[in-house]
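Trainee: Sending over a structure as structure tokens; questions will come in a sec.
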């Protein structure tokens, strides 16, 4: 890796033959949350631990794909847990003899790191200001939700490295990086507008990309949900039968795709007579029986006011809001969520247009 004479970043050596030409000005961002996959569900369930060393390896694979497909710059988030440090060490070890082009790496340093979701939001703002066309987020539902609040029209590619991962999908990082690079360079643009639930609670406003759950639990506490006895209402933007987390309840009753123009509203029995029982994987290693009183589609734009007088509201699987009789909760489904890269559609379009089968370089004419 060559040093940039301006001192701004690490600059790649010249492009080898067989890779796509660099698109001047193209940039994508990578945010790896070092805290994802570490919550209390490792104690109360059997959730796996996603080590930061693997997050570093994922970032390196994303960078390699971006370089091969012509992205000029990659912006990388910084952290205190060694993810960015591992990327920097790998970059400094590269020489002009190493195979494959790497893009220029710029590390987005924050003045202070808080270890909270605010770090993710600040990294998104910094990367957007520096021209990122796509931002790849490594984390769970909570990390992606934090990023989505600052994305505007910048495309998002969420990769699963958390506990409950209903919104981010499992993709091999090299494949996902290829799709992100094609979008960032303008060679392909297969994105979809995600749905979002808007929660109102007094003067608080919170978005949710997957689900909102109203419970009678009095305090936020450890945030994560793993017990169902006190759950009363569940609202989902989509409901996939193969999901993990609370949305899996809706997925067994009213399967609803991410692109469908409706969501799902579930009324949980809460000790009252139920119409049906659902066996749902609400957390890794925990399949529980959930008593349901009612399930129906949730139309776009319909404002639903909760009938639960007091308790807490969880967004995307984590309790965030406490409320009482003076602060009723209302939930509304919108189709104006973040713009998400559709990895499968991008790469199918690339195959149809033969974007990844460039012609061989011209042979020099004989003298």
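Residue numbers (the UniProt record's numbering): 1 to 367. Glycine is no exception: its CB is placed at the ideal position from the N, C-alpha and C atoms.
Can you give me the start and stop residues for the alpha helix (DSSP H) that residue 249 sits inside?
Mentor: Mapped onto the chain shown, residue 249 falls at position 249. It spans 247-253 - the alpha helix (DSSP H) in which residue 249 sits, taken as one unbroken run.
Trainee: I'd like to know whether the C-beta atoms of residue 370 and residue 32 end up nearer to each other than 8 Å.
Mentor: Residue 370 falls outside the range modelled here, since the chain spans only 1 to 367, and no answer is possible.
Trainee: Given this structure, state the Cα-to-Cα distance separating residue 51 from residue 148, to the nearest angstrom.
Mentor: For the purposes of this step, residue 51 is taken as residue 51 along the chain shown, with counting starting at 1. For the purposes of this step, residue 148 is taken as residue 148 along the chain shown, with counting starting at 1. If you take the alpha carbons of residue 51 and residue 148, they lie about 24 Å apart.
Trainee: With a CB to CB cut of under 7 Å and the five nearest residues on each side skipped, what residues in its chain are close to residue 357?
Mentor: Within the chain shown, residue 357 is the residue found at index 357, counting from 1. Within the same chain, residue 357 has no close Cβ partners at all.
Trainee: State the beta-bridge partners of residue 323 as determined by DSSP.
Mentor: One-based indexing of the chain shown puts residue 323 at position 323. 311.
Trainee: So residue 157 and residue 355 are in contact, right, with Cβ under 8 Å, and what is the actual spacing, rounded?
Mentor: One-based indexing of the chain shown puts residue 157 at position 157. One-based indexing of the chain shown puts residue 355 at position 355. At roughly 17 Å, the Cβ-Cβ gap does not stay under 8 Å, so residue 157 and residue 355 are not in contact.
Trainee: What whole-angstrom Cβ distance do residue 293 and residue 190 have, given they're in contact under 8 Å?
Mentor: As a first step, residue 293 is located in the chain shown; it is residue number 293 there, counting from the start. As a first step, residue 190 is located in the chain shown; it is residue number 190 there, counting from the start. At roughly 40 Å, the Cβ-Cβ gap does not stay under 8 Å, so residue 293 and residue 190 are not in contact.
Trainee: What is the DSSP secondary structure of residue 259, reduced to helix, strand or coil?
Mentor: On the chain shown, position 259 is the one that residue 259 refers to. Reduced to three states, the DSSP call for residue 259 is coil.
Trainee: Sort 327, 351 and 258 by Cα distance to residue 205 and report the nearest one.
Mentor: Here residue 205 refers to the residue found at position 205 when the chain shown is read from its first residue. With distances taken between Cα atoms, residue 205 lies closest to 327.
Trainee: Please confirm whether residue 268 and residue 235 have their CB atoms less than 8 Å apart.
Mentor: As a position in the chain shown, residue 268 is number 268, starting the count at 1. As a position in the chain shown, residue 235 is number 235, starting the count at 1. No. Outside cutoff.
Trainee: Could I get the ranges of all uninterrupted alpha helix (DSSP H) runs contained in the segment 58-108, with 4 residues as the minimum, in chain order?
Mentor: Listed in chain order, they are 83-93.
Trainee: From this set, 177, 90 and 80, which residue's C-alpha is nearest residue 134's C-alpha?
Mentor: Against the chain shown, residue 134 aligns to sequence position 134. Per the Cα distances, 177.
Trainee: In whole angstroms, give me the CA-to-CA distance for residue 136 and residue 271.
Mentor: Residue mapping note: residue 136 aligns to position 136 of the chain shown, counting from 1. Residue mapping note: residue 271 aligns to position 271 of the chain shown, counting from 1. Straight-line Cα distance between these residues: approximately 42 Å.
Trainee: Please state if the CB of residue 138 and the CB of residue 159 are separated by a distance shorter than 8 Å.
Mentor: Translated into positions along the chain shown, residue 159 becomes position 159. Translated into positions along the chain shown, residue 138 becomes position 138. Cβ atoms of residue 159 and residue 138: closer than 8 Å.
Trainee: Just to confirm my understanding: we take residue 166, look at its own chain, exclude 5 residues before and 5 after, and list those with CB closer than 7 Å. What are they?
Mentor: Position 166 of the chain shown, counting from 1, holds the residue named residue 166. Answer for residue 166: 141, 210, 243, 244, 245 and 247, listed in chain order.
Trainee: Name the two residues that bound the continuous beta strand (DSSP E) containing residue 139.
Mentor: Position 139 of the chain shown holds residue 139. 134-139 is the span of the beta strand (DSSP E), which, as asked, contains residue 139.
Trainee: Rounded to a whole number of angstroms, what is the C-alpha to C-alpha distance between residue 345 and residue 71?
Mentor: Locating residue 345 in the chain shown gives position 345, where the first residue counts as 1. Locating residue 71 in the chain shown gives position 71, where the first residue counts as 1. If you take the alpha carbons of residue 345 and residue 71, they lie about 19 Å apart.
Trainee: Anyone know if the C-beta pair for residue 192 and residue 214 falls short of 8 Å?
Mentor: Taking the first residue of the chain shown as position 1, residue 192 is located at position 192. Taking the first residue of the chain shown as position 1, residue 214 is located at position 214. Cβ atoms of residue 192 and residue 214: not closer than 8 Å.
Trainee: Which partner residues does residue 189 have in the DSSP bridge list?
Mentor: If you number the chain shown from 1, residue 189 lands on position 189. None, per the DSSP bridge assignment.
Trainee: Is the segment 91-98 in contact with the segment 118-126, if contact means three or more CB pairs nearer than 8 Å?
Mentor: Segments in contact, no.
Trainee: Taking only three categories from DSSP, how would you classify residue 348?
Mentor: For the purposes of this step, residue 348 is taken as residue 348 along the chain shown, with counting starting at 1. The answer is helix: DSSP assigns residue 348 an H, G or I state.
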